[in-house]
Ligand SMILES: Nc1ncnc2c1ncn2[C@@H]1O[C@H](COP(=O)(O)OP(=O)(O)OP(=O)(O)O)[C@@H](O)[C@H]1O
Ligand SMILES: [Mg+2]
């Protein structure tokens, strides 16, 4: 069976620090796979390697059976793998509609500044995407006036405008107010599933992971320490101790 994404033996060290120390991971079409793990474990490094932003020193990555290691981020986007960043990359002084229209226009390979908005096909497609994300009322608002949750949704709408098969999202809920968080994730999961997009997402909120992930991969010091369904992984005492910060009843050691 061909996996949608298949990473084998990925290695990358920064000096003496092993940010990827033999990562093997297969992502199946249609799934939502959460990556959890402590700060500095190498979660973002994995996304950077699979999207062409960092080149591993060893290993292989295939997308739909085709090797993608060594390709530029742009080529990888062209094959159907897109990403969003820990901090949304929006054009601050342009509106939600302009930002999404630019992403739609960039699919054809050029960024003809703001002329795309004059083209009805692009404008209509951007407006439709914005509606699917529930952002129609904010279409005319500048990106720098949006709250963080909305910025995340616009960033992901721009990624979806590239018509991906796989989206890699780095902490889609970081910086989002607790009260908004579930609504934001519900929206993006609904749109992504509706568009048939497979998702890998780094997430620190275990309630989000428990509700939305089909599988959970636990990162620890450049390696995958555990992989499985959320109901198993989130109840694993070792994961609770190292990632979630819960000390099992009666089993904890006081820090020295
Ligand atoms: N370009 C780089 N140059 C040098 N060191 C780097 C580089 N990118 C990452 N690192 C280091 O590699 C390790 C893994 O970093 P990474 O950003 O992948 O962690 P992370 O799991 O995403 O952490 P966080 O939860 O804080 O986002 C860290 O120690 C980080 O400082
Ligand atoms: Mg990170």
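Numbering (the numbering used here), first residue to last: 7 to 262.
We put the beta carbon where it would ideally sit given N, CA and C, even for glycine.
Pocket of ligand 2 (residues with CB nearer than 7 Å to any heavy atom), chain order: 49, 50, 92, 176, 177, 208
Compute the minimum distance between the beta carbon of residue 31 and the heavy atoms of ligand 1, and state whether it is under 7 Å. Counted from its first residue, the chain shown places residue 31 at position 25. False, no ligand heavy atom lies under 7 Å from that Cβ.
Considering only residues of the stretch 50-112, which uninterrupted beta strand (DSSP E) runs meet the minimum length of 3 residues and lie entirely inside it, listed in chain order? 64-69, 87-90
Under the assumption that residue 42 contacts residue 222 (Cβ atoms under 8 Å), give the Cβ distance between them as a whole number of angstroms. By 1-based counting over the chain shown, the position of residue 42 is 36. By 1-based counting over the chain shown, the position of residue 222 is 216. That belief holds up - the Cβ atoms of residue 42 and residue 222 are roughly 6 Å apart, short of 8 Å.
Taking 7 Å as the line, does the beta carbon of residue 46 fall inside it for any heavy atom of ligand 1? Within the chain shown, residue 46 is the residue found at index 40, counting from 1. Yes, the beta carbon of residue 46 sits closer than 7 Å to at least one heavy atom of ligand 1.
If you pair each beta-carbon of the stretch 143-151 with each one of the stretch 89-101, do three or more pairs fall below 8 Å? yes
Whole alpha helix (DSSP H) elements within the stretch 197-238, 4-residue minimum: 212-218
Measuring only the C-alpha atoms, how far is residue 235 from residue 96? Residue 235 sits at position 229 when you count from the first residue of the chain shown. Residue 96 sits at position 90 when you count from the first residue of the chain shown. Straight-line Cα distance between these residues: approximately 34 Å.
How about residue 208 and residue 249: do their beta carbons lie closer than 8 Å? Within the chain shown, the letter at position 202 stands for residue 208. Within the chain shown, the letter at position 243 stands for residue 249. It is not a contact, given that the beta carbons lie outside the stated cut-off.
Can you check which of these residues, 114, 110, 51, is closest to residue 92 by C-alpha distance? Translated into positions along the chain shown, residue 92 becomes position 86. Taking only the C-alpha atoms, the option nearest residue 92 is 51.
So, with DSSP's three-state summary, where would you put residue 149? Here the question's residue 149 lines up with position 143 in the chain shown. Residue 149: helix per DSSP, three-state reduction.
For the structure I just gave you, are there three or more beta carbon pairs, one from the stretch 104-112 and one from the stretch 161-170, closer than 8 Å? yes
Cβ-Cβ distance between residue 178 and residue 194 below 8 Å: The residue you call residue 178 lines up with position 172 of the chain shown. The residue you call residue 194 lines up with position 188 of the chain shown. In this structure, residue 194 lies closer than 8 Å to residue 178 by Cβ.
Assuming residue 190 and residue 159 make a contact with CB atoms under 8 Å, what is their CB distance in whole Å? What you label residue 190 is simply residue 184 of the chain shown in a count that begins at 1. What you label residue 159 is simply residue 153 of the chain shown in a count that begins at 1. The Cβ separation is near 6 Å, so the contact holds.
Using a beta-carbon distance below 8 Å, is residue 35 in contact with chain B? Judged by its chain identifiers, the structure shown contains no chain B, having just a single protein chain.
According to DSSP, what are the bridge partners of residue 14? Position 8 of the chain shown, counted from the start, is the residue given in the question as residue 14. Its beta-bridge partners are 66.
What is the C-beta distance between residue 174 and residue 89, in whole angstroms, given that I count them as a contact (C-beta under 8 Å)? In the chain shown, residue 174 corresponds to position 168, counting from 1. In the chain shown, residue 89 corresponds to position 83, counting from 1. Sure, about 4 Å apart at Cβ, within 8 Å.
Between the alpha carbons of residue 65 and residue 15, how many angstroms are there, rounded? Taking the first residue of the chain shown as position 1, residue 65 is located at position 59. Taking the first residue of the chain shown as position 1, residue 15 is located at position 9. Their Cα atoms are separated by approximately 4 Å.
Which class does residue 33 belong to by DSSP, given the choice of helix, strand or coil? The sequence position of residue 33 within the chain shown is 27, counting from 1. In this structure, residue 33 counts as strand in the three-state DSSP scheme.
Measuring only from the beta carbon, is residue 96 closer than 7 Å to any heavy atom that is part of ligand 1? Locating residue 96 in the chain shown gives position 90, where the first residue counts as 1. Every heavy atom of ligand 1 is 7 Å or more from the Cβ of residue 96, so no.
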